[in-house]
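To start, the structure under review is shown below, and the notes come after it.
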Amino acid sequence: MPRLPFPVESRLPGVGTTIFTVMSRLAAECGAINLSQGFPDFSAAPELLDRVSHHMHAGANQYAPMAGIPSLREAICARSEGLYGTRYDPEHEVTVTAGGTQAIFTAVTALVRPGDEVIVLEPVYDSYVPAVELAGGRALRASLAPPGYRPDWAAIRALVSPRTRMILVNSPHNPTGSVFTAGDLDALAGLVRGTGIVVLSDEVYEHIVFDGARHESVSRHPELAGRSFVVGSFGKTFHVTGWKVGWALAPRELMAEFRKVHQFVVFTVNTPVQLALADFMSDPRRWLDLPAFYQRKRDLFREGLSATRLDPLPCSGTYFQLASYGRVSDEPDTELAERLTREIGVASIPVSAFFADGRQDRVLRFCFAKSDETLSRACERLAKV
Ligand code: GLN
0 MPRLPFPVES RLPGVGTTIF TVMSRLAAEC GAINLSQGFP DFSAAPELLD
50 RVSHHMHAGA NQYAPMAGIP SLREAICARS EGLYGTRYDP EHEVTVTAGG
100 TQAIFTAVTA LVRPGDEVIV LEPVYDSYVP AVELAGGRAL RASLAPPGYR
150 PDWAAIRALV SPRTRMILVN SPHNPTGSVF TAGDLDALAG LVRGTGIVVL
200 SDEVYEHIVF DGARHESVSR HPELAGRSFV VGSFGKTFHV TGWKVGWALA
250 PRELMAEFRK VHQFVVFTVN TPVQLALADF MSDPRRWLDL PAFYQRKRDL
300 FREGLSATRL DPLPCSGTYF QLASYGRVSD EPDTELAERL TREIGVASIP
350 VSAFFADGRQ DRVLRFCFAK SDETLSRACE RLAKV
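Here the sequence shown is numbered in numbering that gives the first Met the number 0, starting from 0 and rising by one per residue.
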């Protein structure tokens with residue numbers, strides 16, 4: 000094509016390609032073990048795959064209802080009620096989405112107006128702030144400090160103003176692996192009480208919480224549930240990140256606004272996969288077994304790291320392990336991540352990518368949603384660093 004005959008005024012001038020795409024591409028180019036972008040390298044349950052095939056062959060290949068297949072909406076609501084005690088109405092209070100990212104984008108687009116402020120906690124997952132800015136809002140960042148990356152509620156409260164439309168939280172937290180306590184939810188509730196602030200809670204790693212802790216969902220907290228969007232993901236729970244199916248839960252008035260946007264963003268999510276997921280959700284062990292499954296992998300990976308000069312930080316949830324490389328080098332994390340990919344063949348994510356100002360905590364993020372064999376090969380290579 001010839002060059003565009005006019006300049007494009009970017010809506011997102013500061014944004015390039017996401018770090019996940021950049022590092023996964025580099026890993027592929029170098030033939031490196033890819034512990035960067037978060038996705039399992041093992042297969043989903045064959046029964047789940049069979050159900051998709053079954054529904055496709057049975058003719059379920061046309062549009063699903065805009066908000067999602069009724070049986071799947073019912074299964075999502077039943078699961079939430081069983082786990083967290085809050086009953087959402089499948090008809091009005093849940094929408095099936097094309098993944099967690101779309102749910103978050105849609106909720107932000109539906110609620111945030113030009114000039115509104117949205118509080119986020121930094122390091123912040125890379126899609127949140129662009130969503131806010133495309134809506135004309137302004138993101139205000141509260142810092143989570145290493146090694147525990149715990150929220151400082153007094154500092155967060157200091158950011159609240161009459162312009163605050165939304166607080167966007169994420170527990171278990173990507174990239175740090177920190178998790179909210181019940182006390183965090185009380186602090187959050189105290190902060191929004193008496194305001195019109197909407198909480199958007201990204202809980203896509205809700206079933207990956209370790210050491211006997213329970214996931215503190217905002218939907219467990221009646222006061223918060225009454226003003227929050229809660230976002231979930233099948234990709235993380237059933238090892239099918241590439242299917243891009245998730246959901247949003249919210250009180251009816253919020254969900255009505257959400258659906259106004261959803262219907263024009265994706266309209267609806269693919270039918271046979273929704274039907275298959277609804278079938279597969281009949282057995283709660285499929286999510287109840289997940290903490291133990293991933294805790295074993297976390298421990299295996301941390302054990303492997305102990306033979307290296309990388310120092311693992313606390314990891315209470317998610318399938319990400321942060322490691323500090325202070326003993327290895329003082330180069331910026333982006334340079335080290337690239338060098339490790341090229342030279343020793345292990346790709347990771349530089350955590351500075353989750354900061355607006357490129358803050359250097361000198362930590363890398365490794366995804367341990369991998370076969371035991373992949374994890375031990377990666378650790379052998381990392382031991383050379
Ligand atoms: N959530 C995944 C991660 O943190 C990435 C998803 C994506 O590439 N957009 O690695």
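Just so it is clear, CB atoms sit at the ideal spot from N, CA and C, and this is done for glycine as well. For clarity, every value in this text was computed on a predicted model and none was experimentally measured.
Exercise for review: On a CA-only basis, which of Gly316, Leu82, Arg251 is nearest Arg66? Give me that one, please.
Suggested key: One-based indexing of the sequence shown puts residue 66 at position 67. For the sequence presented, residue 66 should be read as Ala rather than Arg. Out of Gly316, Leu82, Arg251, Arg251 has the C-alpha closest to the C-alpha of Ala66.
Review point. Measuring CA to CA, which of Val260, Ala186, Val123, Met0 is closest to Pro174?
Key: Indexing the sequence shown from 1 puts residue 174 at position 175. Nearest C-alpha to Pro174: Val123.
Review point. Taking the beta strand (DSSP E) that Ala247 falls in, what are its first and last residues?
Key: Translated into positions along the sequence shown, residue 247 becomes position 248. Segment 245 to 248, the beta strand (DSSP E) holding Ala247.
Check your understanding: What's the C-alpha gap between Met254 and Leu248?
Key -> Numbered from its first residue, the sequence shown carries residue 254 at position 255. Numbered from its first residue, the sequence shown carries residue 248 at position 249. Their Cα atoms are separated by approximately 7 angstroms.
Review point. Do you know offhand how far Asp185's Cα is from Val197's?
Key: Here residue 185 refers to the residue found at position 186 when the sequence shown is read from its first residue. Here residue 197 refers to the residue found at position 198 when the sequence shown is read from its first residue. Approximately 15 angstroms, taken between the alpha carbons.
**Study point:** 7 angstroms Cβ shell around Arg301 - same chain, five flanking residues per side excluded
**Key:** Counting from 1 along the sequence shown, the entry for residue 301 is found at position 302. Cβ neighbours of Arg301 beyond the five flanking positions: Pro311, Gln320.
Exercise for review: With DSSP collapsed to three states, give me the class of Cys378.
Suggested key: Mapped onto the sequence shown, residue 378 falls at position 379. Three-state result, Cys378: helix.
**Study point:** Simplified DSSP assignment, three categories, for Ala138
**Key:** Here residue 138 refers to the residue found at position 139 of the sequence shown. Ala138 falls in the strand class under three-state DSSP.
Exercise for review: Kindly list the residues whose CB is nearer than 6 angstroms to the CB of Gly99, restricted to its own chain and excluding five residues on each side of it in sequence; keep chain order.
Suggested key: For this step, residue 99 is matched to residue 100 along the sequence shown. Cβ within range, chain order: Val203, Val230, Ser232, Gly245.
**Study point:** Bridge-paired residues (DSSP) for Ala346
**Key:** Counted from its first residue, the sequence shown places residue 346 at position 347. Beta-bridge pairing links Ala346 to Asn33.
Point to revise | Closest by C-alpha distance to Leu289, when choosing among Ala31, Pro1, Pro39, Leu34 | key: Here residue 289 corresponds to residue number 290 of the sequence shown, with the count starting at 1. It is Pro39 whose Cα lies nearest to the Cα of Leu289.
Point to revise | Val198: first and last residue of the uninterrupted beta strand (DSSP E) it sits in | key: The residue given as residue 198 occupies position 199 in the sequence shown. Segment 197 to 201, the beta strand (DSSP E) holding Val198.
Review point. Would you say Phe19 touches ligand 3, meaning its beta carbon is less than 6 angstroms from a heavy atom?
Key: This structure simply doesn't include ligand 3; it includes ligand 1 instead.
Check your understanding: Helix, strand or coil: which one does DSSP assign to Ile68?
Key -> On the sequence shown, position 69 is the one that residue 68 refers to. Ile68 falls in the coil class under three-state DSSP.
Point to revise | Cross-strand partners of Glu121 (DSSP beta bridge) | key: Looking up residue 121 in the sequence shown gives position 122. Beta bridge pairing from DSSP links Glu121 with Ser142.
Point to revise | Cβ pair Ala377, Ile32 closer than 7 angstroms | key: Here residue 377 corresponds to residue number 378 of the sequence shown, with the count starting at 1. Here residue 32 corresponds to residue number 33 of the sequence shown, with the count starting at 1. Ala377 places its beta carbon less than 7 angstroms from that of Ile32.
Practice item. Mind reading off the beta-carbon distance from Val345 to Leu34? Whole number of angstroms is fine, and I expect it under 8 angstroms. Key: Position 346 of the sequence shown holds residue 345. Position 35 of the sequence shown holds residue 34. That pair is a contact at about 6 angstroms.
Point to revise | Enclosing alpha helix (DSSP H) for Ser323 [first to last residue] | key: Here residue 323 is taken as the residue at index 324 of the sequence shown, counted from 1. Note, Ser323: premise wrong, no alpha helix (DSSP H); beta strand (DSSP E) at 319 to 323.
Exercise for review: Tell me whether Ser9 sits in a helix, a strand or coil according to DSSP, three-state version.
Suggested key: The residue given as residue 9 occupies position 10 in the sequence shown. Residue state, collapsed to three classes: coil.
Review point. Taking DSSP as the reference, what is the three-state secondary structure of Thr96?
Key: Here residue 96 refers to the residue found at position 97 of the sequence shown. Strand at Thr96.
Review point. From what residue to what residue does the alpha helix (DSSP H) around His128 run?
Key: In the sequence shown, counting from the first residue as 1, residue 128 sits at position 129. The amino acid occupying residue 128 in the given sequence is Val; His does not appear at that position. Val128 -> alpha helix (DSSP H) spans 127 to 133.
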